[in-house]
Amino acid sequence: MPDFLVSIDTSGVFALPAAERADVVARERDAGRELIAEGVIQKIWRIPAQHRNIGVWTVPDADALHRVLTGLPIFPYAEFDVTALSTHPLYSDDYGGLIGPGSEEGRTQQ
4 MPDFLVSIDT SGVFALPAAE RADVVARERD AGRELIAEGV IQKIWRIPAQ
54 HRNIGVWTVP DADALHRVLT GLPIFPYAEF DVTALSTHPL YSDDYGGLIG
104 PGSEEGRTQQ
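Put into structure tokens, the structure is as follows:
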């Protein structure tokens, strides 16, 4: 399954009244824990001094990721940045003609 780098700016939730914000945050925490348990969220980090997190999410495709993200309780109050990821050749050892004699791609760096 493909991986996606997902960055979420959650600062919009802080504009909500305290009780509503507490409810959204509690529901978001539950949803996040469920996504971790399901293997959707592989790893997630806070960005220091910001209301932002970044994580690696694994889902069948971009449409599935869209459904997951739009289903999050925080979705109406957050901004999302998504980047599709692919395996680096250092892990796969598949350079696909990027280097070596006769490679068109290998000659572009000369």
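Just add 3 to wherever you are in the sequence shown, counting from 1, and you've got the numbering used here. For each residue, glycine too, the CB sits at the ideal point set by N, CA and C. Remember, predicted model here, so these are calculated numbers, not experimental data.
Buried or exposed (CB count within 10 angstroms, at least 16 for buried), residue i
i: L88; result: exposed
i: Q112; result: Because the pLDDT at Q112 is just 47, under 50, the model does not fix this residue reliably, and the point stays unresolved.
i: I3; result: Lying before the first or after the last residue shown, residue 3 is absent from the chain, which here runs from 4 to 113.
i: F17; result: exposed
i: G58; result: buried
i: E23; result: exposed
i: W116; result: Beyond the ends of the chain as shown, which are 4 and 113, falls residue 116; an answer cannot be given.
i: L8; result: exposed
i: E3; result: Residue 3 lies beyond the residue range present for the chain, which begins at 4 and ends at 113; the question has no answer from this structure.
Collapsed DSSP secondary structure at residue i in the structure displayed
i: L88; result: strand
i: A67; result: helix
i: G99; result: coil
i: Y94; result: helix
i: V16; result: helix
i: T111; result: Interpretation of T111 is limited by its pLDDT of 47, a score under 50 that renders its predicted location unreliable; the figure taken from the coordinates is listed afterwards. It is coil, neither helix nor strand.
8 angstroms contact criterion, which residue i and residue j should meet: CB distance rounded
i: Y80; j: L19; result: 7 angstroms
Start-to-end residues for the beta strand (DSSP E) that takes in residue i
i: V9; result: D6 to D12
i: V59; result: R55 to T61
i: I47; result: I44 to R49
Residue range of the unbroken alpha helix (DSSP H) whose run includes residue i
i: I39; result: A21 to A40
Residue i at chain C interface by Cβ criterion, 7 angstroms
i: A25; result: The structure shown contains no chain C; it holds only a single protein chain.
**Asked** Are the segment 36-43 and the segment 9-16 in contact at 8 angstroms, needing three or more beta carbon pairs?
**Response** no
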